[in-house]
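Residue numbers (my numbering), protein chains in the order written: chain A, 22 to 343; chain B, 88 to 342. Data first, discussion second: the structure below is written as structure tokens.
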Amino acid sequence: MHAQSGGNLIRTSFRLGPVEFKNRVLVASGTFGYGDECVSAVDVNRLGGIVTKSLSLKPREGNPPPRIVETTGGMLNSIGLANIGVHRFVSEKLPFLRTVDTAVIANIAASTIEEYCAVLEILEGEEGIDAYEINVSCPNVREGGLNFGTSCPMTAEITKQLRGRTRRPLIIKLTPNVTHISEFARAVEDAGADAVSVMNTLIGMALDVRTRKPVLSTVTGGLSGPAVKPVALAKVYETARAVKIPVIGIGGITNGRDAIEFLLAGALAIQVGTANFVDPAAGIKVADEMKAYCAEQGIADMGSLVGALDARTGVSVLDSWL
Amino acid sequence: MLQTSCPVLSLTAVAENVFLLVLDAPEIAPLVRPGQFLNVRIDETSDPLLRRPFSVYRTEGNRLELLFNVVGRGTHALAEKRKGDRLDVLGPLGVPFTLDDPGFTTAVLVAGGLGVAPMPITTRELLLKGKAVRTFLGARNKGSLVTTHLVQVEIATDDGSEGLRGTVVDLLERAFASGVPARPKIFACGPHPMLKAVAAFAVRFDIPCEVSMEGPMGCGIGICQGCPVELTNPAKKYALMCKDGPTFDARTIRW
């Protein structure tokens, strides 16, 4: 899609396999429901894509309260993948998603490899899904609750199994809670993934000093929001230099400037997550601001920014600070 | 649900650590039903990051009135606002109190602390519907009481500086001992332990009871799934405080 801005045509679109995305801003899984909840406040057709809440084979009630706590510049969550399950998603949510003029990416979560495959196979039989994003940051019930996503062989195995079952683009959402995220990115690239999303939340914790108790019912949770942006940017940079498949940048993006930073660090596209909780229209605002940046900089194709950082010298600290 | 930028018309201290914020909100104000809330962005920075939920205290034409006390970073920053500052407001949100219910003729409003916030707008609507209203307020002390725009008010304070020395539930017990109002229904708002006690009181007297719950929320519109409320329903373990509430039939809550 070409958008008129500042007298120039700016190309904002990109492709992932057969799927054309009208712009480089997607809304992250778990931060936009199933796409239908925000409709009264947001024109979802102006987004590049919607990533659904994680879908599991059976409905999940989620964790006991408290599930969220605000931290400095961010929030911790421990939702526990509460969702309506893939069957109700297909019957109740997909009909609406088929009517929207934006890409729909189904996010899948599971506690066994068989469950990942089962959810994907159900969705394979349905029209209206453009791609899959796989949440590997889930406890593996067969391995005593160890997170799939922190085991490189398990992450690769999930990718391989799913690759054999779909021709739709397969995006693996990587966790940053590992020593070298790029090793995981390489492993899923070798196993047939079409792209990686970097990154899921960082493990974090908050305590109440009065009661001496953890704030979250699960003790630890996932940290997101502006506080994690520098970490996410470094993970995207590390990953983009290690693999040939595209990287989708996620982590604390709240405005167009943040998003451009991720493109420069090597992200083909970005996802807006926690910012949607603060402003349901955050994704659209980010997309508009990215376009305005391109107009201001005389950039005709936003794609020319991907990986275009100048890593030779640092920026003057004084300039960026003051 | 609307998202609008609302100018502050006034911010005044109305009791000890209790502030009344008046916004000019011509789009939102006429839509608000008693018991609904607003999710307010305190400022445009990322700290505090999340919006803060507030019950609507009153509406008057385009005026939207909120009552709050300073308990943390968000409300501290809110108390610094000046006339003319703008606030990004999402609302009206949540399920209102069920005031149309023909099964009651006397509304028994029960509020603890800042739980008084939704009572004036509720009172006005109840009176318009021809219901009798009795109001039971509990507060820490005389100085923290807010009694305006309420009717038939009875008071309990923790220190006895006004009304009965004790809790608002003690006050209810005493009032009902001397006569149960005709076909009553309780509408309660306040801290969780107080609501739990009111819910138990309602069960004991076999009175219908709706509670308006308060607690931390993320988005306020059901997206983040951050505000679960545990239900007694075996088929549905959690409701969301923001979207399925904040008002609930007290019998549906697992206290």
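Cβ atoms here follow ideal geometry from the backbone N, Cα and C, with glycine treated the same way.
(message) Taking DSSP's pairing of strands, which residues face residue 281 of chain B in a bridge?
(response) Start at 1 with the first residue of the second sequence, and residue 281 of chain B comes out as number 194. Partner(s): none; residue 281 of chain B has no beta bridge.
(message) Here's the rule: buried if 16 or more other CB atoms are within 10 angstroms of the residue's CB, otherwise exposed. What is residue 101 of chain B?
(response) Locating residue 101 of chain B in the second sequence gives position 14, where the first residue counts as 1. Its Cβ having fewer than 16 others within 10 Å, residue 101 of chain B is exposed.
(message) Counting only beta-carbon separations shorter than 8 Å, does residue 88 of chain A have a partner in chain B?
(response) The residue labelled residue 88 of chain A in the question sits at position 67 within the first sequence. Yes, because at least one Cβ of chain B sits closer than 8 Å to the Cβ of residue 88 of chain A.
(request) Could you tell me whether the Cβ of residue 140 of chain A comes closer than 8 Å to any Cβ of chain B? (result) Working through the first sequence from its first residue, we reach residue 140 of chain A at position 119. Judged by the 8 Å Cβ criterion, residue 140 of chain A is not in contact with chain B.
(request) For residue 64 of chain A, collect the residues of the same chain with a Cβ closer than 8 Å to its Cβ; drop the 5 residues on either side in sequence, then sort them by chain order. (result) Position 43 of the first sequence, counted from the first residue, corresponds to residue 64 of chain A. For residue 64 of chain A, where only same-chain residues beyond five positions count, the Cβ hits under 8 Å are 305.
(message) Tell me which residues of the region 126–148 of chain B have at least one Cβ-Cβ distance to chain A shorter than 8 Å, keeping chain order.
(response) 128, 133, 134, 135, 136, 137 and 138
(request) Work out the CA separation of residue 305 of chain B and residue 130 of chain B for me, nearest whole Å. (result) As a first step, residue 130 of chain B must be located in the second sequence, where it is residue number 43. As a first step, residue 305 of chain B must be located in the second sequence, where it is residue number 218. If you take the alpha carbons of residue 130 of chain B and residue 305 of chain B, they lie about 15 Å apart.
(request) Starting from the beta carbon of residue 395 of chain A, find every residue of chain B whose beta carbon is closer than 7 Å, and list them in chain order. (result) Residue 395 of chain A falls outside the range modelled here, since chain A spans only 22 to 343, and no answer is possible.
(request) Assign residue 265 of chain B to buried or exposed, taking buried as 16 or more other Cβ atoms, counted over all protein chains shown, within 10 Å of its Cβ. (result) On the second sequence, position 178 is the one that residue 265 of chain B refers to. Exposed, because fewer than 16 other Cβ atoms sit within 10 Å of the Cβ of residue 265 of chain B.
(message) Three Cβ pairs or more, each shorter than 8 Å: is that satisfied between the region 47–60 of chain A and the region 287–299 of chain A?
(response) yes
(message) So for residue 133 of chain B, helix, strand or coil by DSSP?
(response) Taking the first residue of the second sequence as 1, we reach residue 133 of chain B at position 46. It is coil, neither helix nor strand.
(request) For residue 164 of chain A, decide whether its Cβ has a neighbour in chain B, counting only Cβ atoms nearer than 8 Å. (result) Along the first sequence, one-based indexing puts residue 164 of chain A at 143. No, residue 164 of chain A lies away from the interface with chain B (no Cβ there is under 8 Å from its Cβ).
(message) For the alpha helix (DSSP H) containing residue 194 of chain A, name the first residue and the last one.
(response) As a working mapping, residue 194 of chain A is identified with position 173 in the first sequence. Residue 194 of chain A -> not in any alpha helix (DSSP H); beta strand (DSSP E) instead, spanning 191–195.
(request) Select from B/169, B/232, B/217 and B/125 the residue whose C-alpha is nearest the C-alpha of residue 179 of chain B. (result) Locating residue 179 of chain B in the second sequence gives position 92, where the first residue counts as 1. Among B/169, B/232, B/217 and B/125, the Cα nearest to that of residue 179 of chain B belongs to B/125.
(request) Measure the C-alpha to C-alpha separation of residue 322 of chain A and residue 121 of chain B and round it to an integer number of angstroms. (result) In the first sequence, residue 322 of chain A corresponds to position 301, counting from 1. In the second sequence, residue 121 of chain B corresponds to position 34, counting from 1. Cα to Cα, the separation comes out at about 51 Å.
(request) Helix, strand or coil for residue 241 of chain B, going by three-state DSSP, please let me know. (result) Reading the second sequence from its first residue, position 154 is the one you call residue 241 of chain B. The answer is strand: DSSP assigns residue 241 of chain B an E or B state.
(message) In the DSSP output, which residue or residues are listed as bridge partners for residue 336 of chain B?
(response) Position 249 of the second sequence, counting from 1, holds the residue named residue 336 of chain B. Per DSSP, B/297.
(request) Note down, in chain order, each residue of its chain lying with its Cβ closer than 7 Å to the Cβ of residue 328 of chain B, except the 5 sequence neighbours on either side. (result) As a working mapping, residue 328 of chain B is identified with position 241 in the second sequence. Same-chain partners within the cutoff: 300, 302, 304, 314 and 316.
(request) Look at the alpha carbon of residue 85 of chain B and the alpha carbon of residue 267 of chain B, and state the distance between them as a whole number of angstroms. (result) Not covered by the structure: residue 85 of chain B. The range shown for chain B is 88 to 342.
(request) Whole angstroms is fine: what's the gap from residue 164 of chain B's alpha carbon to residue 309 of chain B's? (result) Taking the second sequence and counting its residues from 1, one reaches residue 164 of chain B at position 77. Taking the second sequence and counting its residues from 1, one reaches residue 309 of chain B at position 222. Each residue's Cα considered, the two are about 25 Å apart.
(request) From the DSSP output, read off the bridge partner residues of residue 85 of chain A. (result) As a first step, residue 85 of chain A must be located in the first sequence, where it is residue number 64. Paired residue(s): none; residue 85 of chain A is not in a bridge.
(message) Which of the three DSSP states is assigned to residue 304 of chain A in this structure?
(response) Counting from 1 along the first sequence, the entry for residue 304 of chain A is found at position 283. Looking at residue 304 of chain A - three-state DSSP - the assignment turns out to be helix.
(request) On the DSSP bridge assignment, give the partners of residue 156 of chain A in chain order. (result) By 1-based counting over the first sequence, the position of residue 156 of chain A is 135. According to DSSP, residue 156 of chain A bridges with A/194.
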